[in-house]
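Colleague: Protein chains in written order, with the numbering used here: chain A, 41 to 198; chain B, 41 to 198.
Built from N, CA and C at the ideal position, the CB exists for glycine as well.
Before I ask anything, here is the structure I am working with.
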DNA sequence: GCAAACCGGTTGCACTAGAAACCGATTCGA
DNA sequence: TCGAATCGGTTTCTAGTGCAACCGGTTTGC
């Protein structure tokens with residue numbers, strides 16, 4: 041289908057981008073169609089369902105999303121009645137966010153679908169290949185963090 | 041640093057997204073800082089420098105970008121005098137787009153930097169691991185295309 | 001040879017995502 | 001204890017991205 045005589049087609053960051061976008065678009069489409077949820081919203085629900093109630097701050101760490109993105113996702117989920125905020129007695133600035141009964145029900149539907157999609161997407165990879173692939177991703181991420189620290193000596197690592 | 045007790049941290053599409061974004065952000069920052077180029081613009085220059093003059097249409101295929109993104113990138117590059125458009129005698133609707141002398145000079149600086157960054161980013165991977173990693177990405181991309189064809193029976197594959 | 005369909009390219013518009021400014025609450029230091 | 005710095009969270013502003021409608025030019029079918 042593609043001619044791809046260009047070296048761009050061998051540039052690894054480009055290949056990663058193409059593959060990841062393809063995977064993300066597919067998953068995003070599925071969630072939107074079946075639950076009307078976007079990926080940020082889904083991520084928040086996944087973390088809340090698995091790790092229990094927590095503040096937006098800790099969701100930022102767990103999802104690696106921007107705090108604005110987390111805030112917006114929480115607001116949407118709250119408006120839909122999937123999560124609820126209760127005041128934090130220890131710290132008046134933040135709230136605890138937790139799944140409602142409806143949210144838990146959706147979470148119970150969503151996670152099997154997620155795992156099934158993951159299984160279907162990566163069905164052609166052996167268990168060993170999957171393991172290696174994850175390990176490589178982790179190493180690359182660590183390497184980027186390392187380089188960022190070195191390349192940006194005067195600013196925060198974000 | 042991270043606690044990550046959540047299953048989200050094992051969800052492969054999420055891991056791919058985190059890693060790819062880290063790599064992309066790093067590269068985008070580098071190009072912006074050194075050349076004032078964004079990734080779409082850089083991609084167009086890479087293809088033009090490697091595969092020679094061509095139409096926007098063929099750039100869309102080579103870069104896998106939206107035709108609007110290609111168009112805007114070309115316009116920016118043209119305004120900076122890095123590419124030039126010459127009328128296409130065969131088809132009055134399109135032009136041939138090619139690097140100018142200045143564009144070729146920038147391309148000559150940009151490609152070594154790109155390859156150097158690639159080398160630094162993936163220095164911790166052996167040649168064999170790199171090869172396997174690329175092969176896995178290709179297989180996953182192919183798999184997504186396959187599933188999209190199956191899952192979207194009534195609409196275009198986009 | 002002309003109207004309709006089509007195609008490359010362009011423009012306009014809605015939506016998303018991140019940056020920075022902002023607010024109330026909390027902590028730190030003199 | 002009081003003022004400054006900090007922090008969690010929210011709002012606002014702006015840049016980027018993709019879709020859809022659009023415009024000229026080209027091909028197709030009658």
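1) What are the boundary residues of the alpha helix (DSSP H) that includes residue 112 of chain A?
2) Name the one or two DSSP bridge partners that residue 138 of chain A has.
3) What in chain A is Cβ-close to residue 58 of chain B, meaning under 9 angstroms?
4) Rounded to the nearest angstrom, what separates residue 73 of chain A and residue 82 of chain A at their Cα positions?
5) For residue 123 of chain A and chain B, any beta-carbon pair shorter than 7 angstroms?
6) So does the region 50-64 of chain A actually touch the region 90-99 of chain B, counting three or more Cβ pairs closer than 8 angstroms?
7) Measure the alpha-carbon distance for residue 91 of chain A versus residue 153 of chain A and round it to whole angstroms.
8) Report all residues from its chain with a CB closer than 8 angstroms to the CB of residue 144 of chain B; omit the five preceding and five following residues, and keep chain order.
9) Near residue 192 of chain A, which residues of its chain fall below 7 angstroms by C-beta distance, leaving aside the five closest residues on each side in sequence?
10) Using three-state DSSP, classify residue 53 of chain B as helix, strand or coil.
11) I need the straight-line Cα distance from residue 134 of chain B to residue 140 of chain B, nearest angstrom please.
12) For a quick check, are the C-beta atoms of residue 103 of chain A and residue 57 of chain B less than 7 angstroms apart?
13) Nearest chain B C-beta to residue 186 of chain A closer than 7 angstroms, yes or no?
14) Between residue 48 of chain A and residue 87 of chain B, which are expected to be in contact by the criterion C-beta below 8 angstroms, what is the C-beta distance as a whole number of angstroms?
15) Would you decide whether residue 122 of chain B is buried or exposed? Buried here means 16 or more other CB atoms lie within 10 Å of its CB.
16) Could you tell me the alpha carbon to alpha carbon distance between residue 163 of chain A and residue 142 of chain A, rounded to whole angstroms?
17) Please decide whether residue 55 of chain B counts as near chain A, where near means a Cβ-Cβ distance under 7 angstroms.
18) Suppose you measure from the CA of residue 138 of chain B to the CA of residue 186 of chain B; what does that come to, to the nearest Å?
19) Kindly list, in the order they appear in chain A, the residues whose Cβ is closer than 8 angstroms to that of residue 150 of chain B.
20) Taking 7 angstroms as the cut-off, decide whether the C-beta atoms of residue 136 of chain A and residue 93 of chain A are in contact.
21) Which residues in chain A sit within 9 angstroms of residue 174 of chain B, going by Cβ to Cβ distance?
22) Note down, in chain order, all residues in the region 156-168 of chain A with a beta-carbon under 9 angstroms from any beta-carbon belonging to chain B.
23) For the region 71-87 of chain B, which residues have a beta carbon sitting closer than 9 angstroms to at least one beta carbon of chain A?
24) Give me whichever residues DSSP pairs with residue 94 of chain B in a beta bridge.
25) Smallest Cα separation from residue 75 of chain A: which of A/150, A/126, A/184?
26) Would you identify the three-state DSSP class for residue 75 of chain B, choosing helix, strand or coil?
Modeller: Reading from the atomic positions:
1) Counting along the chain, the alpha helix (DSSP H) containing residue 112 of chain A begins and ends at 107-119.
2) DSSP lists A/124 as the bridge partner or partners of residue 138 of chain A.
3) Those are 104, 177, 181, listed as they occur along chain A.
4) Cα-Cα distance, rounded: 13 angstroms.
5) No, residue 123 of chain A lies away from the interface with chain B (no Cβ there is under 7 angstroms from its Cβ).
6) No: the two stretches stay apart, fewer than three of their Cβ pairs being nearer than 8 angstroms.
7) C-alpha separation (whole angstroms): 19 angstroms.
8) Answer for residue 144 of chain B: 89, listed in chain order.
9) Its pLDDT being 45, under 50, residue 192 of chain A is placed unreliably in this model, and the value from its coordinates should be taken loosely. Closer than 7 angstroms at the Cβ level, and outside the excluded window around residue 192 of chain A, lies no residue.
10) In this structure, residue 53 of chain B counts as helix in the three-state DSSP scheme.
11) For residue 134 of chain B and residue 140 of chain B, the distance between alpha carbons rounds to 18 angstroms.
12) No.
13) No - not a single Cβ of chain B is within 7 angstroms of the one on residue 186 of chain A.
14) Right, the Cβ-Cβ distance comes to about 6 angstroms (below 8 angstroms), so this counts as a contact.
15) Buried.
16) So the alpha carbons of these two residues sit roughly 32 angstroms apart.
17) Chain A, which has a Cβ nearer than 7 angstroms to the Cβ of residue 55 of chain B, makes this yes.
18) The alpha-carbon separation between residue 138 of chain B and residue 186 of chain B amounts to approximately 35 angstroms.
19) Result: empty, since nearest Cβ-Cβ is about 12 angstroms, beyond 8 angstroms.
20) Closer than 7 angstroms, so yes.
21) Per Cβ cutoff of 9 angstroms: 50, 52, 55.
22) Those would be 157, 158, 160, 161, 162, 163, 164, 165, in chain order.
23) Cβ proximity to chain A below 9 angstroms picks out 79, 83, 86, 87 from the region 71-87 of chain B.
24) Per DSSP, B/137.
25) Among A/150, A/126, A/184, the Cα nearest to that of residue 75 of chain A belongs to A/150.
26) Assignment of residue 75 of chain B by DSSP, reduced to helix, strand and coil, places it in the helix class.
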